[in-house]
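Taking it in order: structure first as structure tokens, then the write-up.
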Amino acid sequence: MRLLELCPEIIVQIGESVDSEQDLLALSRAHPALSTLLTRCLYRLDAEAYGGSELYRAAKRGSLAGVKASLKYGASRYLDDFRLRDSNNDDAEYLGYYKMMTPLMMAAAGGNLEVAQLLLGEGASVEPDLHWSMEGFHQSALHIAMDRGDVRMIRLLVDAGANVEPSATDPRFGPGARRRGPLGRAMEREQEEIAMILLDAGASPQRYTLRGDSMLHIALQMRSMGLVTRLLEKGASPNDSGWLDLSLVKVAVQLESPELLKLLLTHGASSEPSGSWDSMICDAWDCAKVALEGRKYEVFEWLLKYGIVADTRGTKAEDVLVLAIQWDMPDYIRALIELGARLGAREIGEPTLLMILAKAGYFEATQILLSLEAEPESTDMDGRTALFLAVKSMAEMDHVFQTVTILLDAGADPNVVDGRRWIGVQTTTMKSKNF
């Protein structure tokens, strides 16, 4: 009697009695009908004699049917077993140092979401007991999915309970060592959506990149309002200057972003770094100078509003004021004078701050300075007063007129000579004109 003439039950019994995978494969390939009948025998033999290797191969190929069949015929007990990965495959570029892998890790490596869902549904662990490859690196399906940047797979694994913090038993790190964890890796790669998923899953924002930047440093460099906000909401410190001791306020000012600066300041940021590495220290006036150089008055206003720029002692405030005068920035000059910034002690005959402002036609700053009891009758080495310099100013005529008026109202004498001529005639003429 021919084999195909036997009833299916007998053919299956014959297949189950074969203990060689090679012989069983040869038998199943003899006829399509035999292949259909003996498939279950192949999977059962694989599960019993070969450690469920077909489950691993099916997960690697992304074969949903193969995974289902392997699980159905006894391979479910191998869900969390590690197997040595074949390096000669298309996934090698994604897997890096991952040498030992579970079926779930192989599904993550191939981006096979349905296979991963099936394996998890059958009880596969997202954190199997064996955490170390032959090279001693922590590995999990989440790490592999992150290396691929697979957002959907990461979300699936996180929802299934994947650990979003660095392993507490990683032998590479001693107690208290700073480790970047999954969140740090995502931030280094500027994977904003993945970072959001990890933060929402409970990842600590108090992590650092391999370079030493805090998570907020990276988010600021990404100019991501959403990510900066989420980090602050999750407990990131706006005063964490990182290993490089670089103030977050300074970073926001350098980026010329009033929005990011406001966000940090409203969460309690200050300009002072936490460490003592003098070469990297920035103070409030350094921030003010950066804002000035970028001509970002809105940034400067936020520094003033939150008291970052407040201490006018020393030479730094004077340096910023001098720059504002040199670069013709009346708004900055006015704000600095209101704050209390002044030019330092002048040599006899050097122009005073009032003279400089009057000559430039900065009538608002002139008025503020006069209200603070500035002396309008001081003279320079040529005997010129602030009033004389205002009259001779090359600024816009409206500004000149207002500056002269303010000085006269403050008691400046229009009859003082500069050593060459009277200025009373000129000031009288100006006041008689209708500007």
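Residue numbers (the UniProt record's numbering): 1 to 435. Glycine included, every Cβ here is placed at the ideal spot set by N, Cα and C. All figures in this text were calculated on a predicted structure; none of them were measured in a lab.
At what residues does the alpha helix (DSSP H) containing His-267 begin and finish?
Premise fails: His-267 is in no alpha helix (DSSP H) and is neither H nor E.
May I ask you to report which of helix, strand or coil DSSP gives Arg-384?
coil
As assigned by DSSP and simplified to three states, the class of Ser-247:
coil
In three-state terms, what does DSSP make of residue 444?
Any property of residue 444 remains undetermined from this structure, which presents the chain solely from 1 to 435.
Could you give the distance in angstroms between the alpha-carbon of Ala-75 and the alpha-carbon of Gly-52?
5 angstroms
Please name the residue in Glu-375, Asn-163, Asp-159, Arg-152 whose C-alpha comes closest to that of Glu-139.
Checking the sequence, you will find Gln at residue 139 rather than Glu. Selected option, being the one with the closest Cα: Asn-163.
Cβ-based burial, Glu-114 [other Cβ within 10 Å; buried from 16]:
exposed
Give the secondary structure of residue 436 by DSSP, where H, G and I count as helix, E and B as strand, and everything else as coil.
Absent from the structure is residue 436, since the part of the chain shown begins at 1 and ends at 435.
Drop a sphere of 10 angstroms on the beta-carbon of Ser-371, count the other beta-carbons inside from all chains shown, and report buried for 16 or more, exposed for fewer.
exposed
Determine the direct distance from the alpha carbon of Met-355 to that of Ala-395, and round the result to whole angstroms.
14 angstroms
Using the rule of at least 16 other Cβ atoms within 10 Å of the residue's Cβ for burial, across every protein chain shown, is Trp-302 buried or exposed?
buried
Suppose the cutoff is 7 angstroms on Cβ atoms and the five residues either side in sequence are ignored; what does the same chain contact list for Tyr-208 look like?
Arg-178, Arg-180, Gly-184, Ser-214, Gly-242, Trp-243
Beta-carbon proximity check, Leu-119 vs Pro-103, cutoff 7 angstroms:
yes
Host alpha helix (DSSP H) of Val-151 (start-end):
151 to 159
Answer with buried or exposed for Ser-54, where buried requires no fewer than 16 other C-beta atoms within 10 angstroms of its C-beta.
The amino acid at residue 54 is misidentified as Ser; the sequence shows Glu. Per the 10 Å Cβ criterion, buried.
Shortest alpha-carbon distance to Ala-195 belongs to which of Leu-210, Tyr-332, Lys-359, Val-228?
Val-228
Endpoints, alpha helix (DSSP H) assigned at Trp-302:
297 to 305
Alpha-carbon to alpha-carbon, Leu-408 and Asp-331:
23 angstroms
Local Cβ density within 10 Å of Ala-65, reported as buried at 16 or more and exposed below that
exposed
Checking the sheet assignment: what are the DSSP bridge partners for Met-101?
Arg-83
Could you check which residue in Gly-202, Leu-198, Arg-189 has the C-alpha nearest to that of Arg-211?
Arg-189
Where do the N-terminal and C-terminal ends of the alpha helix (DSSP H) with Asp-200 fall, by residue?
192 to 200
Whole-angstrom C-beta distance between Thr-366 and Thr-403, which should lie under 8 angstroms
5 angstroms
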